[in-house]
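K.L.:
Residue numbers (our numbering), protein chains in the order written: chain A, 245 to 622; chain B, 245 to 622.
From the three backbone atoms N, C-alpha and C, an ideal C-beta is built for every residue, glycine too.
This structure is in structure tokens; I'll ask about it shortly.
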């Protein structure tokens, strides 16, 4: 069975066979990157103790990546499948008292050994589950998209605020070194006035029975899952929020992609500065994981731009030769600092940021439906 | 003064400093390319005797390139500037009897030493001038865009047909080796079903007083001049004609880009197969000369894609390592074969092809105006 993870890995592999930079650059020393987990010095600071909810493919990836974390530790789980529970307990040494199912995880309120829950269940379940976690008094990390529309997302933000727990979204690219280097260059004016962003985000999705193709569980189609990367990219690369959206949907396979499950959407964004973005979101094309940015004085490109890595890129000044680090490891280290130490990341990863993306997705779906430009008010 | 040519050259130069292929590939032997002018064997076939009309920057480029032609020869000129006439006569050995101005070039009808006229005047003048050339019984090569709308273009086609002269459009990229290799691969099914084309065509235009920024002479703005390359690319790369268009205009400098002169337009095309294209046309951004194509089994990209060269590209199978040849030399050699020997090029370069592009431009401008999808009937 073809899984989404297989596709993201294949996509990366196919790109690696034809890199636009010498392969040995990948082994270049990471001069600009000082990650604590990469050195051998002991860490004596606070550790974020995390329970994972929803033990699918992505949770496995996060759990494996967390083995390299110093500031975050996998200590608990929530699953509805007893066999998964046993398997995970063995593989990750999870004590019985930190294991929950979907009926009883509210009892976590009485468990002092869990600080935060990382929700990696289907999109349509995030809203209710995140609210239950917040009500149990735990910090929440919610996989993207944080919900299936901005209204749901805002409710989640409001309740987490009320319960005084932090809500972060699993935006691993917001912490990726080459991405951050381009953002640093943009802020330093090295591109001059930035005028255009292009994001192409897509892959050919496999198994037609998976939850990602179920409107109720996914909340939509490719846009929710992969198109959101281009929305993220447009915002963090340009450093602005869009004020208008246009969008065009194309569906070549209405059996696989039912009503409400988008196969391919082209969308365009306009920004207050006059910059524009042209993006593509699709579940039915290959070789699409590309960002490109151009300004008056320079350009940047990433290809692949959002896969699990290595991300590869260059600017008008040359190759971006940072060493690859596992995104989910970096993410969990940073999330620990954000939750436990109040660190402010360069690009926000909080619930408000997630709601902004959902507001844009809402506008894209509306623009598709109405066939005309939709203005976005912030 | 910054000219358009300067910009196209700078664009190419800036790309060459950061190629995505080893530079030595540019020196690779041109195994797949056998151009007659590149060898030393004598040519004894027919020669197309050409007069150039409009001795601006581009005419100079064409004239220089024609020095390397065996099948085409520059023999005449049409200019309204006596100083240019004298200069050109000296530089290109043009006999007095083959020199005309804009009042008397109809007399070419009585000149048996000229076979064809290459019209490189501003777009808005093409219609009347091409018709006068056709009425003088000469074949016509018209620089792109062939006219300022499809109605004008169709009239030109009809009159040339009636007068039994050939009408070609100066589509140099339709004959470019790397471009043709991608088209060959697409036809051979090497990309599988092709699903997406992206064309980014633009540069920052200089001198605000030039005719290209004059609505009456240019017929529009960036779309007419540089956006048309993305339209061409979408059609010849996908091998289909679009059936719908959406478009969004952005204007950040309404002084430099007056009413009717487009600065930046994003446009999207839908094709009968379900393939889509996302394109950008602009006179106000740098580093934009990129084509990308993806299909079920492979991809292709050109960057730069339409500058004066060298064009650089790769596919999923590797680099496109054809030797660079001057586009205008290739074009004039091929045009000679088409006009004198009835050769059928892989991608059409005739007036009908030019009208198709204008029909799409008409639809893009209409889509901008109406703010909604415009269907195109063929």
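Hey, quick one: how far does the beta strand (DSSP E) through residue 509(A) stretch, first residue to last?
P.N.:
Run containing residue 509(A): 508-514, per the beta strand (DSSP E) assignment.
K.L.:
When you compare only the Cα positions, how much space is there between residue 414(A) and residue 622(B)?
P.N.:
The alpha-carbon atoms of residue 414(A) and residue 622(B) are separated by roughly 48 Å.
K.L.:
Residue ranges of each beta strand (DSSP E) run of no fewer than 3 residues wholly in the stretch 320-405 of chain A, ordered along the chain?
P.N.:
Entirely contained in the stretch 320-405 of chain A, the beta strand (DSSP E) runs reaching 3 residues are, in chain order, 360-363 and 383-386.
K.L.:
Compare the C-beta of residue 398(B) against all C-beta atoms of chain A and say whether one is closer than 8 Å.
P.N.:
No, residue 398(B) does not count as interfacial toward chain A.
K.L.:
Go through its chain and collect everything with a Cβ distance to residue 276(A)'s Cβ below 6 Å, but skip five positions before and after it.
P.N.:
With a pLDDT of only 39 at residue 276(A), under 50, the local geometry of the prediction cannot be trusted, and the value read off the model is given with reservation. Closer than 6 Å at Cβ, skipping near neighbours: no residue.
K.L.:
Below 8 Å on the Cβ atoms is my guess for residue 510(A) versus residue 309(A); work out the distance and round it to an integer in Å.
P.N.:
Incorrect: roughly 33 Å between the Cβ atoms, too far for contact.
K.L.:
Applying the 10 Å Cβ sphere with the 16-neighbour rule, what's the burial state of residue 324(B)?
P.N.:
By the 10 Å Cβ count, residue 324(B) comes out exposed.
K.L.:
Anything in chain B within Cβ reach of residue 540(A), meaning under 7 Å, just list it in chain order.
P.N.:
In chain order: 530.
K.L.:
Are the beta-carbon atoms belonging to residue 578(A) and residue 419(A) less than 8 Å from one another?
P.N.:
For residue 578(A) and residue 419(A), yes; Cβs fall inside 8 Å.
K.L.:
Mind pulling the chain B residues with CB within less than 7 Å of residue 535(A)?
P.N.:
What residue 535(A) touches in chain B: nothing, since even the nearest Cβ is about 12 Å away.
K.L.:
Would you kindly check if the distance between the Cβ of residue 557(A) and the Cβ of residue 544(A) is under 8 Å?
P.N.:
A contact, by the Cβ cut-off of 8 Å.
K.L.:
Could you compute how far the alpha carbon of residue 326(A) sits from the alpha carbon of residue 337(A)?
P.N.:
In a straight line, the C-alpha of residue 326(A) is about 16 Å away from that of residue 337(A).
K.L.:
Among 451(B), 616(B) and 383(B), whose alpha-carbon lies nearest the alpha-carbon of residue 583(B)?
P.N.:
Per the Cα distances, 383(B).
K.L.:
Tell me which same chain residues have a C-beta within less than 7 Å of the C-beta of residue 619(A), skipping the five on either side of it?
P.N.:
Same-chain partners within the cutoff: 487 and 488.
K.L.:
Over what stretch of residues does the alpha helix (DSSP H) that includes residue 575(B) continue unbroken?
P.N.:
It spans 571-585 - the alpha helix (DSSP H) in which residue 575(B) sits, taken as one unbroken run.
K.L.:
Checking contacts by CB at 8 Å: is residue 616(A) closer than that to chain B?
P.N.:
Taking Cβ atoms only, chain B reaches closer than 8 Å to residue 616(A), which makes this a yes.
K.L.:
Can you name the residues that DSSP bridges to residue 455(B)?
P.N.:
Residue 455(B) is not bridged to any residue.
K.L.:
Compare the C-alpha of residue 406(A) against each of 377(A), 387(A) and 429(A) and name the closest.
P.N.:
Looking at the Cα atoms, 377(A) is the closest of the given residues.
K.L.:
Is there a C-beta anywhere in chain A that falls below 8 Å from the one on residue 508(B)?
P.N.:
Residue 508(B) counts as touching chain A.
K.L.:
Could you check what DSSP says for residue 540(A) in three-state terms: helix, strand or coil?
P.N.:
DSSP places residue 540(A) in coil when its eight states are reduced to three.
K.L.:
Does the beta carbon of residue 494(B) sit closer than 8 Å to a beta carbon anywhere in chain A?
P.N.:
Output row for residue 494(B): interface = yes.
K.L.:
Using a Cβ-Cβ cut-off of 8 Å (strictly less than) and excluding sequence neighbours within five positions of residue 393(B), which residues of its own chain qualify?
P.N.:
For residue 393(B), where only same-chain residues beyond five positions count, the Cβ hits under 8 Å are 463, 602, 605 and 606.
K.L.:
Nearest to residue 367(A) by alpha carbon, out of 599(A), 460(A) and 351(A)?
P.N.:
Nearest of 599(A), 460(A) and 351(A) to residue 367(A), Cα basis: 460(A).
K.L.:
Using the C-alpha atoms, what's the distance from residue 565(A) back to residue 274(A)?
P.N.:
Below a pLDDT of 50, predicted positions are generally treated as unreliable, and residue 274(A), at 39, falls in that range; the measurement from the model is reported next regardless. If you take the alpha carbons of residue 274(A) and residue 565(A), they lie about 8 Å apart.
K.L.:
Which of helix, strand or coil does DSSP assign to residue 423(A)?
P.N.:
Residue state, collapsed to three classes: helix.
K.L.:
Under 6 Å Cβ to Cβ from residue 422(B), same chain only, skipping five residues before and after it: list those, please.
P.N.:
Cβ within range, chain order: 555, 557, 564 and 566.
K.L.:
Can you tell me whether residue 588(B) is buried or exposed, with buried defined as 16 or more other CB within 10 angstroms of its CB?
P.N.:
Exposed, because fewer than 16 other Cβ atoms sit within 10 Å of the Cβ of residue 588(B).
K.L.:
Any beta-carbon of chain B closer than 8 Å to the one on residue 520(A)?
P.N.:
Cβ-Cβ to chain B under 8 Å: yes for residue 520(A).
K.L.:
Among 514(A), 304(A), 490(A) and 427(A), which one has its Cα closest to the Cα of residue 590(A)?
P.N.:
Residue 590(A) has its Cα closest to that of 427(A), out of 514(A), 304(A), 490(A) and 427(A).
K.L.:
Check whether the Cβ atoms of residue 521(B) and residue 443(B) lie closer than 8 Å to each other.
P.N.:
Yes, these two residues count as a Cβ contact at 8 Å.
K.L.:
Which residue or residues does DSSP assign as beta-bridge partners of residue 522(A)?
P.N.:
DSSP lists 442(A) and 512(A) as partners of residue 522(A).
K.L.:
Inspect the CB distances between the stretch 524-534 of chain B and the stretch 447-454 of chain B and report whether three or more fall short of 8 Å.
P.N.:
The stretch 524-534 of chain B is in contact with the stretch 447-454 of chain B.
K.L.:
Quick one: Cα of residue 559(A) to Cα of residue 542(A), how far?
P.N.:
Spanning the two alpha carbons is a distance of roughly 7 Å.
K.L.:
According to DSSP, what are the bridge partners of residue 493(A)?
P.N.:
DSSP output for residue 493(A) lists 509(A) as bridge partner(s).
K.L.:
Can you give me the C-alpha to C-alpha distance between residue 352(A) and residue 363(A), rounded to a whole angstrom?
P.N.:
Those two C-alpha atoms are separated by around 14 Å.
K.L.:
Output needed for residue 467(B): all residues of its chain with C-beta closer than 7 Å, excluding positions within five of it in sequence on either side, in chain order.
P.N.:
These residues qualify, in order along the chain: 506, 509, 525, 605 and 608.
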